[in-house]
Amino acid sequence: MMPVPSSVPQPKDDFQEELVIRPLHSGDIYASFQFRTLWETDFMRGNKVSHYRLFPKSLGQVISKFSVRELHISFTQGYWRTMQWGQPFLPSPPGAELWVWFQDSVTDVDGTWKELTNVLSGIFCASLNFIDSTNTVQPSASFKPLGIGNVTDHRFLRYATLPREIVCTENLTPWKKLLPCGSKAGLAVLLKSEKLFHSSFHSQAVHIRPVCQDWQCKTTSWELRQTLNVVFDLHTPGQGKLEWSLFKMFSRTLTEACPLASSSKIYIDITDDPQGEQFEVSPATHLLSQAMVLGDRRTFSVYDLTQQITFGTVRSLNLLIRWKSRDMLRPLLHAERYVAGYGLQTGEIHTLMYNNHPYRSFPVLLLDSVPWYLRLYIHTLTVTSKGKDNKPSYIHYQPSKDRVRPHLLEMLVQLPPNSVTEVTVQFERALLKWTEYTPDPNHGFYVGSSVISSLVPSIVAMDTNSTREQPLFSSFFPCKEESSYFMRVYTEPLLVNLPTPDFSMPYNVICLTCTVVAVGYGSLYNLLTRSFQIEEPSPGLAKRIANIIRKMRGVPPL
Amino acid sequence: MGLLSDPNRRRALISLLTRLNAPICVVCYMAGVAWFMGLAFEPFTLRTYMSENAMGSTMVEERFPAGERALGTGREFSAHKKKAGGMPVDWLVKTMQSRGLEVFTQRFSRRLPFPDEDKERYMVKGTNVYGILRAPRAPRTEALVLSAPCSPGDDNNQAVGVLLGLAQYFRNQVFWAKDIIFLVNEHDLIGMQAWLEGYHHTNTTGMDWSPLQGRGGSIQAALSLELSSDVVTSLDLVLEGLNGQLPNLDLANLFYAFCQKIGVLCTTQGKLQRNDWDSVSGYSHAVQTMMLMVMKQASGRPWGDHGLFLRYHIEAATIKGINSFRQYKTDATTIGRLLEGMYRKLNNLLERLHQSYFFYLMPSLSHFVSIGYYMPAFGLLALILLLRALDLWIQLATPPPRTEDGVADAEQMSSPGVLSVLTPLVISHLTGVALYTLPIHFQEIAVEHFPVSETEAVVLTAIAVYTAGLALPHNTHRLLTGRGTENGWKVLKLVAVLYLAVLLGCTALINFSLGFILALTLVPVAAFVTPDVPKALSAFIMVILSPACTLLFSVFLFQELQEMPVSFLDGWMLYLSVISQGILDHALYGSLVYPLVALLVYPCWLLFWNILFWK
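So the protein lines, in turn, are chains A and B.
In terms of our numbering, the first sequence is residues 1 to 558.
In terms of our numbering, the second sequence is residues 1 to 615.
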């Protein structure tokens, strides 16, 4: 590679890494890695970008070639248990999820989408190439751009999930390769697959979006966020006290920050234990930080890996926490979904949305994308809360087309306080063509998670008696930023059995049909078309000869 | 077809069929019975084998260590059960939570249509407790169920203990790919019905239940455990479910394979299998085992808590611990290991169990008779009906030979009116409807006027309606059309025979045992009955072969096969309770045997009764 002359001003790029560790109520432990690469450049407007430093080239080329405005992709193994674990920092559905906003300059969005999924499939070593028109939808309201840009025409949005996608090391390795330090240094050292996949929940994601360079927002930079969330199960029966350490969790300790990173920090959530009775963190740190996370004010212990002092005398950091587990949470919003009924003809999808807020109601956007082989009876759609009919204020429904596109149902529903809202819709199971069955048809067919997006009143705003620590003048009107926060909840995917033929049947059918055709139909046809006559006994030889002679003579035969 | 298109040969065939009709029918009947009896003969049956690949070659190791501790938990459960006077809900919730499960409860209540005197219950209120072990990194799409009933008295405490012990052990394992639901259900089948209806959000029988809070996706398989002693001599596998449905044979194979591997004695129908198939006693043992299965299947009732799962296409079986006086004992650790092994293999399943048979009979746990082998036995019996129908058809189609008496001839030639056939049909079906509806609706009136309990009232009303039906229909057509014509009864019999053939055919396809038992008794009736046979004797035979008497004989035979013979009086009491149980099964779980018999089989039999008294 040619050395770049220093006189040319290089576009600045910047890399930050961060690990948040939160002991969960259930006794499990949640570790969330975030790696953020920021690049002050513009792939669009015909800029040919050829020199890459921290930003991965493979992704940069994808962005410029396919005119991507925003790209979000996640691979998840397991289901986030909201009831036990509270809210994740970044929610994701089981399996693979991909949603992309294209630039408005793209003319053939579907074609570009098809190519993009195939390219991403190669980059992430995943079955994203199975995304086609039968599982792609264009949500009208649920997925808004997260970066700058005011294009909200959902013609340029594509959303698809593959609920069956299995996530494993072959997806982790290419994901790690996108990091500037790879897995050689910094926090990424901890990402060893034998431990990461020995967990209750594993989710990795890549988010690319344009963000403002400065507060005036005249130029944009590109942000690449790589996140990895993992929940470790530390269940040991009969022990109240739980213990956790970096080494126990990842079988590695930290020795240095990534040299390319401008910031490298570990945050430990110690909110639930302000007095230090429940928790014991060692080595102790005096750096504390407060932040609003998911509508709640949290306190974190901070370890800065760029400071040598963090690593102490042994030049290695092995954090250790002891804490007590407690009972279940009541998250403000959670949801579940199941298939009701029995038999292989019809069924009913039930989606339950719980609003556990004691006095505030709030609206949620429900997005359902159902494959075409479940034929939704949309006239049976009912939304009820507290036993009463709850009329959605907005419904966007796009019916499916067999073998072409799935059903898309989006609804804006108001959830009354302290209630369960139930959305039901009946469906009929289609009979597939025999080549359309998967190799394991008796396993069932997957229906992707519903997506529930909402602005939820925050826990801080819920606490109307929080004036103790704040000056009185600041706390009468709840301020907008703190009063509600955005939240996305995914329900579990569904496994639905379709009527499945016995595949050894074709042989039997062929035999049976052949027999029926040969014996039954053949002779019946014969009987119907033949005309029956009483046959004369054949004349004797002498008579026949006589007749021939008579014929030659022109006399009528005997 | 070539045979039929030739008028000469067709005539010959027809004359053969009409001339030899009776002997052919007798031969068919005997061949059918012989075929059925032959099914239990070991050389004619197939050995069971594991069809499902996912459960076959992969070996699993069983390491469950904590049998003693599980029994201790069972004793604790029993103490709390006594203290609470029923299901110790709080204790169970706390215990399951401490074992790391997500725990939920479900309340249910049900008022029975009339008091169940066998189990002494009328207003049933209860709570089911279940804990879900979430599989790591699984998206809640598939689940397995292990259930144990919370029975009154001292029964099944050990089952709950083993269930909780397994829950604790399973929680610490990492290999689960499906959620495992540990369910303790109260009031046996009623609780199970409530839980299953709640899980699938259906309501087929009008029960009240509170909705479930936690689910694990689609349930792939379920086992129900019944264990009432600390050690057992053998484990019994119960397969027969609601309406005679059976789980996939691979579930039985799985149980058998693990019993062999771990070295536990295993039985089906409470009968050990024997090796001496070539001796008479060995053969009769196999026949008894198979007959027990046939009778249980024909009854259409769930013979264990697993029976209700089958409606939801969930393969399920009940495993019962039996403690007899045999020397060889199996402890709770071994039972735990057996269950662990079974669940690990079920956990390996990639698809629902579908590879093996759904329709089968088992003369022993290691041998089975598939549908292809047993159906001919029924086919031979059904053939009789078709032959009789053909005979009647020919008799009706060909003009009777000229006799000297021209008047009688002319009268016979006139075709019977639609009314003369329709009236008995309608009336006998109305009797059937009365038999179906009256017992439950008239129980209050009956209790007011007679010194009987509600249950007795229902059963006695049913018997009264049944008997009254015998007097009703055969007089009606005379009122309408005067004396019955010769062709009239033939047309009616043709209709009745074909009706019976269709009815039994459909029944045998769904529940072979029921179809076969009904065919055994009803086919001879259908074949021989005409108005010309001696009245008193035929009437007696017909009553003996009627559905109600078939049930009575079945009760005695069942007791005999179970090696618990009863005196006639006890048998009669048992018979009455079987009738009330049948009606209850229909009302509580949706069993179809009672409506089938009352609405279809009994009216059909009345038609033949009608023919007997045609003149």
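No residue lacks a Cβ here, since even glycine has one placed at the ideal position from N, Cα and C.
Interface partners of residue i on chain B, CB under 7 angstroms
{"i": "Pro493 of chain A", "result": "Pro139, Thr141"}
{"i": "Ala340 of chain A", "result": "His200, His201, Thr202"}
{"i": "Pro94 of chain A", "result": "Pro139"}
Assigned secondary structure, residue i (DSSP; H/G/I helix, E/B strand, else coil)
{"i": "Ile440 of chain B", "result": "helix"}
{"i": "Ile452 of chain A", "result": "strand"}
{"i": "Leu183 of chain B", "result": "strand"}
{"i": "Arg158 of chain A", "result": "strand"}
{"i": "Val426 of chain B", "result": "helix"}
{"i": "Tyr373 of chain A", "result": "coil"}
{"i": "Gly406 of chain B", "result": "Because Gly406 of chain B sits at a pLDDT of 44, beneath the cut-off of 50, its placement in the model cannot be relied upon, and the following sentence gives the value as read from the coordinates. Looking at Gly406 of chain B - three-state DSSP - the assignment turns out to be helix."}
{"i": "Tyr554 of chain B", "result": "A quick correction: the sequence has Ser, not Tyr, at residue 554 of chain B. DSSP places Ser554 of chain B in helix when its eight states are reduced to three."}
{"i": "Trp195 of chain B", "result": "helix"}
{"i": "Pro65 of chain B", "result": "coil"}
Neighbour-count burial assignment, residue i, 16 or more Cβ in a 10 Å radius
{"i": "Val27 of chain B", "result": "exposed"}
{"i": "His441 of chain B", "result": "exposed"}
{"i": "Met353 of chain A", "result": "buried"}
{"i": "His443 of chain A", "result": "buried"}
{"i": "Asn229 of chain A", "result": "buried"}
{"i": "Ala471 of chain B", "result": "exposed"}
{"i": "Glu52 of chain B", "result": "buried"}
{"i": "Tyr359 of chain A", "result": "exposed"}
{"i": "Met249 of chain A", "result": "buried"}
{"i": "Thr48 of chain B", "result": "buried"}
Cα-Cα separation between residue i and residue j, rounded to whole angstroms
{"i": "Arg337 of chain B", "j": "Gly161 of chain B", "result": "14 angstroms"}
{"i": "Met1 of chain A", "j": "Val49 of chain A", "result": "Bear in mind that the predicted position of Met1 of chain A carries a pLDDT of just 39, short of 50, making it unreliable; the figure below should be weighed with that in mind. Distance between the alpha carbons of Met1 of chain A and Val49 of chain A: 15 angstroms."}
{"i": "Phe532 of chain A", "j": "Asn526 of chain A", "result": "11 angstroms"}
{"i": "Val281 of chain A", "j": "Leu319 of chain A", "result": "7 angstroms"}
{"i": "Leu381 of chain B", "j": "Ser284 of chain B", "result": "23 angstroms"}
{"i": "His202 of chain A", "j": "Pro406 of chain A", "result": "28 angstroms"}
{"i": "Lys119 of chain B", "j": "Ser420 of chain B", "result": "47 angstroms"}
{"i": "Phe553 of chain B", "j": "Glu42 of chain B", "result": "27 angstroms"}
{"i": "Gln158 of chain B", "j": "Cys604 of chain B", "result": "48 angstroms"}
{"i": "Glu18 of chain A", "j": "Phe175 of chain B", "result": "31 angstroms"}
{"i": "Ile132 of chain B", "j": "Val420 of chain A", "result": "22 angstroms"}
{"i": "Leu101 of chain B", "j": "Gln355 of chain B", "result": "32 angstroms"}
{"i": "Val407 of chain B", "j": "Asn487 of chain B", "result": "Annotation note: pLDDT 44 at Val407 of chain B (below 50); position unreliable, coordinate value reported separately. Taking the straight line joining both Cα atoms gives about 15 angstroms."}
Chain A contact residues for residue i, given Cβ-Cβ distances below 7 angstroms
{"i": "Tyr130 of chain B", "result": "Per Cβ cutoff of 7 angstroms: no residues; Tyr130 of chain B is ~15 angstroms from chain A at best."}
{"i": "Tyr312 of chain B", "result": "Tyr342"}
{"i": "Arg69 of chain B", "result": "By Cβ distance, chain A contributes nothing, its closest Cβ being about 11 angstroms from Arg69 of chain B, past 7 angstroms."}
Residue i: contacting residues in chain A (beta-carbon distance under 9 angstroms)
{"i": "Val124 of chain B", "result": "Simply none; closest approach about 23 angstroms."}
{"i": "Val294 of chain B", "result": "Those do not exist, as Val294 of chain B stays about 25 angstroms from chain A at its closest Cβ, beyond 9 angstroms."}
Interface residues of chain B facing residue i [CB-CB closer than 8 angstroms]
{"i": "Asp440 of chain A", "result": "Leu350, Glu351"}
{"i": "Arg488 of chain A", "result": "Correct list: empty, because the minimum Cβ distance to chain B is about 17 angstroms."}
{"i": "Gly78 of chain A", "result": "Pro136, Arg137, Ala138, Pro139"}
{"i": "His407 of chain A", "result": "Within chain B, no residue comes near His407 of chain A; the closest Cβ sits about 20 angstroms away, beyond 8 angstroms."}
{"i": "His350 of chain A", "result": "His201"}
{"i": "His202 of chain A", "result": "Arg137"}
{"i": "Glu69 of chain A", "result": "It should be noted that the sequence gives Arg, not Glu, for residue 69 of chain A. Simply none; closest approach about 30 angstroms."}
Beta-carbon neighbours of residue i, restricted to chain B and to distances below 9 angstroms
{"i": "Ser199 of chain A", "result": "Pro136, Arg137"}
{"i": "Gly444 of chain A", "result": "Thr141, Glu142, Ser218, Glu351, Arg352"}
8 angstroms Cβ cut-off: residues of chain A touching residue i
{"i": "Gly217 of chain B", "result": "Tyr338, Glu492, Leu494, Leu495"}
{"i": "Val174 of chain B", "result": "His198"}
Kindly provide the ranges of any alpha helix (DSSP H) runs that are 4 or more residues long and lie completely inside the segment 198-286 of chain A, ordered along the chain.
246-250
Scan the segment 322-397 of chain B and note each continuous alpha helix (DSSP H) run of 4 residues or more that stays entirely inside, going in chain order.
332-347, 371-397
If you scan the segment 466-550 of chain A from start to end, which runs of the alpha helix (DSSP H) of 4 or more residues do you find wholly inside it?
480-483, 505-515, 522-529
For the segment 73-156 of chain A, list the alpha helix (DSSP H) runs that are entirely contained and at least 4 residues long, ordered along the chain.
82-85, 109-124
Which runs of the alpha helix (DSSP H), 4 residues or longer, sit entirely within the segment 8-51 of chain B?
21-38
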